[in-house]
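Number of protein chains: 2
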Amino acid sequence: MEKISKRFLLTVSYDGTNYVGWQRQKNGLSVQQVLEEALEKLLGGPVRVTGASRTDAGVHALGQRAHLDSATSIPAEKLPFALNTMLPGDVRVLQGLRVPDSLHARFSVSGKTYRYQIHNSPHASALYRNLSAHVPVRLDERRMDEACRVLLGTHDFAAFAAAGGSAKTTVRTITEIRVERTGEEVFLTVSGNAFLYNMVRIIAGTLIDIGHGKLPPESLQKALDTGDRLQLGVTAPPQGLTLMEVRYPEVSLSLPEDEQ
Amino acid sequence: MEKISKRFLLTVSYDGTNYVGWQRQKNGLSVQQVLEEALEKLLGGPVRVTGASRTDAGVHALGQRAHLDSATSIPAEKLPFALNTMLPGDVRVLQGLRVPDSLHARFSVSGKTYRYQIHNSPHASALYRNLSAHVPVRLDERRMDEACRVLLGTHDFAAFAAAGGSAKTTVRTITEIRVERTGEEVFLTVSGNAFLYNMVRIIAGTLIDIGHGKLPPESLQKALDTGDRLQLGVTAPPQGLTLMEVRYPEVSLSLPEDEQ
Chain H
6 MEKISKRFLL TVSYDGTNYV GWQRQKNGLS VQQVLEEALE KLLGGPVRVT
56 GASRTDAGVH ALGQRAHLDS ATSIPAEKLP FALNTMLPGD VRVLQGLRVP
106 DSLHARFSVS GKTYRYQIHN SPHASALYRN LSAHVPVRLD ERRMDEACRV
156 LLGTHDFAAF AAAGGSAKTT VRTITEIRVE RTGEEVFLTV SGNAFLYNMV
206 RIIAGTLIDI GHGKLPPESL QKALDTGDRL QLGVTAPPQG LTLMEVRYPE
256 VSLSLPEDEQ
Chain Z
6 MEKISKRFLL TVSYDGTNYV GWQRQKNGLS VQQVLEEALE KLLGGPVRVT
56 GASRTDAGVH ALGQRAHLDS ATSIPAEKLP FALNTMLPGD VRVLQGLRVP
106 DSLHARFSVS GKTYRYQIHN SPHASALYRN LSAHVPVRLD ERRMDEACRV
156 LLGTHDFAAF AAAGGSAKTT VRTITEIRVE RTGEEVFLTV SGNAFLYNMV
206 RIIAGTLIDI GHGKLPPESL QKALDTGDRL QLGVTAPPQG LTLMEVRYPE
256 VSLSLPEDEQ
């Protein structure tokens with residue numbers, strides 16, 4: 006009798022420093038690859054995972070999500086403990102859930118939160134060098150915080166997309182955006198329904214320029230109005246970016262009663 | 006004419022993960038060695054630095070201090086920028102000061118602050134794995150905070166010293182001690198006039214045991230009263246410890262007017 010395959014959703018955290026990014030690539034080690042190899046060791050046979058977000062090389066995650074199908078009898082909540090004994094220390098599985106077969110890690114996403122960390126000090130950080138971007142000139146975080154609010158809501162973010170994206174529409178909704186300082190660390194937090202390729206790093210790069218007066222705060226509104234990428238700053242470097250959380254509609258995570 | 010040698014005091018930050026500790030050793034690379042090598046490249050000739058604290062392998066620093074003597078004409082405040090172009094990214098010089106010849110980085114210290122970071126979560130941290138100790142069982146940080154207050158003030162800390170120390174007396178003064186939680190991170194902050202070998206890590210290890218009920222809060226008082234190391238928990242691992250600040254008496258840093 007063939008075993009029936011079930012769908013699992015994992016929450017994954019990683020330090021992206023030593024990876025070519027989330028997605029499998031020929032030119033180096035990806036987080037997807039080390040996760041699939043650990044799953045294959047644990048479950049036997051080939052396993053394919055699908056991630057919510059294809060984070061770039063150097064980008065980190067506290068709450069990436071990925072789904073996989075398996076006929077394993079290991080309870081979902083035991084998967085993190087078993088996998089973490091096999092994974093390298095810079096990749097940790099934090100949660101395992103049984104979910105309906107209809108839940109797709111990427112297509113079912115209802116919202117994501119990113120954080121961008123800037124080490125704002127004359128000298129780079131020895132301790133957080135891989136977890137932040139270094140900006141030596143003093144940033145005015147209140148100016149950045151005020152300026153970024155114009156991005157709240159639903160807009161055409163065409164100007165905020167790097168070449169190489171494949172989105173059919175460039176309209177997105179930002180539900181939360183703010184800039185805060187803790188000592189020498191400046192944090193940008195952005196939540197939205199979905200993001201264009203490099204969108205958060207382009208917002209971060211532009212806010213850095215606004216924060217030290219290189220660009221006027223109105224640049225963001227002008228970019229929304231015109232769709233002109235040249236209104237904005239450079240794409241901020243990857244190591245400052247962390248995928249904090251991926252959300253799904255409550256109902257899409259609920260198993261039918263007879264499968265619980 | 007021989008140039009007159011002047012004394013400089015540097016503030017140094019480092020990620021201790023890839024070093025055998027602060028002090029030069031035959032069995033591997035120390036922070037002292039990479040700093041001396043950068044100074045020799047910059048200033049020419051052999052340079053010897055003396056650190057305030059001989060931090061162990063894996064221990065980090067945000068505000069280590071070290072003095073050196075040189076006849077260089079480079080202004081003290083330019084030294085960090087010049088040295089940081091030569092140092093590896095996990096060692097940064099944050100400040101350079103001209104100080105009187107009588108200032109000794111170690112013997113003139115009036116106070117130090119350490120922080121111990123605990124990642125308190127069922128799974129280890131992928132991002133902060135080298136900057137924190139992992140404690141999977143839930144810690145009661147208020148219990149830890151209340152218990153640690155008994156260490157405030159001047160006491161004989163004989164029970165809190167690891168073998169291998171060379172202190173003539175084990176009496177020390179703690180001027181500040183507290184435990185706080187931010188999400189899954191628990192921080193112990195300790196300031197004092199001086200510390201015995203491994204003293205902060207023994208305090209941290211004991212507070213962890215108190216925080217999950219393995220040791221009663223009274224263990225700390227009992228250890229002070231009896232000098233008995235066995236009243237206390239294990240020495241917490243090095244990677245959670247960061248030397249935050251080293252302080253000197255104001256007057257010992259002031260240059261005579263004709264040398265300014």
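Here the protein sequences line up with chains H and Z, keeping their order.
Here this note's numbering = 1-based position in the first sequence + 5.
Here this note's numbering = 1-based position in the second sequence + 5.
Beta carbons are placed, not taken as given, at the ideal position from N, Cα and C, and that holds for glycine.
Buried or exposed by the 16-neighbour rule on C-beta atoms within 10 Å, applied to residue i
{"i": "D106 (chain H)", "result": "exposed"}
{"i": "E255 (chain Z)", "result": "exposed"}
{"i": "F162 (chain Z)", "result": "buried"}
{"i": "L40 (chain Z)", "result": "buried"}
{"i": "R12 (chain Z)", "result": "buried"}
{"i": "T180 (chain H)", "result": "exposed"}
{"i": "N32 (chain H)", "result": "exposed"}
{"i": "G158 (chain H)", "result": "exposed"}
{"i": "F280 (chain H)", "result": "Outside the modelled stretch of chain H, which goes from 6 to 265, sits residue 280 (chain H), for which no answer is possible."}
{"i": "T187 (chain Z)", "result": "exposed"}
{"i": "G218 (chain H)", "result": "exposed"}
{"i": "I2 (chain Z)", "result": "The structure shown has nothing for residue 2 (chain Z), since chain Z only spans 6 to 265."}
{"i": "V239 (chain Z)", "result": "exposed"}
{"i": "T77 (chain Z)", "result": "buried"}
{"i": "L235 (chain H)", "result": "exposed"}
{"i": "K173 (chain Z)", "result": "exposed"}
{"i": "T231 (chain Z)", "result": "exposed"}
{"i": "S58 (chain Z)", "result": "buried"}
{"i": "P9 (chain Z)", "result": "For the record, residue 9 (chain Z) in the displayed sequence is Ile; it is not Pro. Per the 10 Å Cβ criterion, exposed."}
{"i": "S137 (chain H)", "result": "buried"}
{"i": "T90 (chain Z)", "result": "exposed"}
{"i": "S2 (chain H)", "result": "No information on residue 2 (chain H) is available, as it lies outside the stretch 6 to 265 that chain H covers here."}
{"i": "K83 (chain Z)", "result": "exposed"}
{"i": "A168 (chain Z)", "result": "exposed"}
9 Å Cβ cutoff, residue i in contact with chain Z
{"i": "P80 (chain H)", "result": "no"}
{"i": "F86 (chain H)", "result": "yes"}
{"i": "V184 (chain H)", "result": "no"}
{"i": "L99 (chain H)", "result": "yes"}
{"i": "L44 (chain H)", "result": "no"}
{"i": "N203 (chain H)", "result": "no"}
{"i": "L136 (chain H)", "result": "yes"}
Beta-carbon separation (whole angstroms), residue i vs residue j, contact threshold 8 Å
{"i": "A87 (chain H)", "j": "V17 (chain H)", "result": "The Cβ separation is near 14 Å, so there is no contact."}
{"i": "N135 (chain H)", "j": "Q244 (chain H)", "result": "5 Å"}
{"i": "Q226 (chain Z)", "j": "V155 (chain Z)", "result": "5 Å"}
{"i": "Y119 (chain H)", "j": "V205 (chain H)", "result": "5 Å"}
{"i": "G68 (chain Z)", "j": "L248 (chain Z)", "result": "7 Å"}
{"i": "V54 (chain H)", "j": "L73 (chain H)", "result": "5 Å"}
{"i": "H139 (chain Z)", "j": "L99 (chain H)", "result": "Not quite, the Cβ-Cβ distance comes to about 13 Å (not below 8 Å), so this is no contact."}
{"i": "A62 (chain H)", "j": "G21 (chain H)", "result": "7 Å"}
{"i": "S259 (chain Z)", "j": "S113 (chain Z)", "result": "In fact, because the Cβ distance is near 12 Å, the residues do not count as touching under 8 Å."}
{"i": "L144 (chain H)", "j": "V191 (chain H)", "result": "6 Å"}
{"i": "E146 (chain Z)", "j": "V184 (chain Z)", "result": "5 Å"}
{"i": "G101 (chain Z)", "j": "A81 (chain Z)", "result": "4 Å"}
{"i": "L212 (chain Z)", "j": "L229 (chain Z)", "result": "In fact, because the Cβ distance is near 14 Å, the residues do not count as touching under 8 Å."}
Strand pairing of residue i, partner residues [DSSP]
{"i": "H124 (chain H)", "result": "H:H139 and H:E190"}
{"i": "S196 (chain Z)", "result": "Z:T118 and Z:E181"}
{"i": "L73 (chain Z)", "result": "Z:F13"}
{"i": "G158 (chain Z)", "result": "Z:I179"}
{"i": "E250 (chain Z)", "result": "Z:T118"}
{"i": "D233 (chain Z)", "result": "Its beta-bridge partners do not exist; DSSP assigns none."}
{"i": "D61 (chain Z)", "result": "Z:G26"}
{"i": "V98 (chain Z)", "result": "Z:V17"}
{"i": "R111 (chain H)", "result": "None; R111 (chain H) has no bridge partner."}
{"i": "T174 (chain H)", "result": "T174 (chain H) is not bridged to any residue."}
{"i": "A66 (chain Z)", "result": "Z:Y19 and Z:L248"}
{"i": "G56 (chain H)", "result": "H:A71"}
{"i": "R134 (chain H)", "result": "The partner list for R134 (chain H) (beta bridge, DSSP) is empty, contrary to what the question assumes."}
{"i": "V104 (chain Z)", "result": "Z:R12"}
Cβ-heavy atom distance, residue i to the ligand FMN, below 8 Å
{"i": "Y202 (chain H)", "result": "Among the ligands in the structure shown, none appear at all, so the ligand FMN cannot be discussed."}
Minimum Cβ-Cβ distance from residue i to chain H less than 9 Å
{"i": "D95 (chain Z)", "result": "yes"}
{"i": "T247 (chain Z)", "result": "yes"}
{"i": "N198 (chain Z)", "result": "no"}
Taking any Cβ of chain H, which residues in the stretch 14-41 of chain Z have a Cβ under 7 Å from it, in chain order? S18, Y19 and D20
Taking any Cβ of chain H, which residues in the stretch 105-133 of chain Z have a Cβ under 9 Å from it, in chain order? S126, P127, H128, A129, S130, A131, L132 and Y133
For the stretch 56-76 of chain H, list every residue whose C-beta sits within 9 Å of some C-beta in chain Z, in sequence order. H65, A66 and L67
Of the residues that make up the stretch 249-263 of chain H, which ones have a beta carbon closer than 9 Å to any beta carbon in chain Z? none
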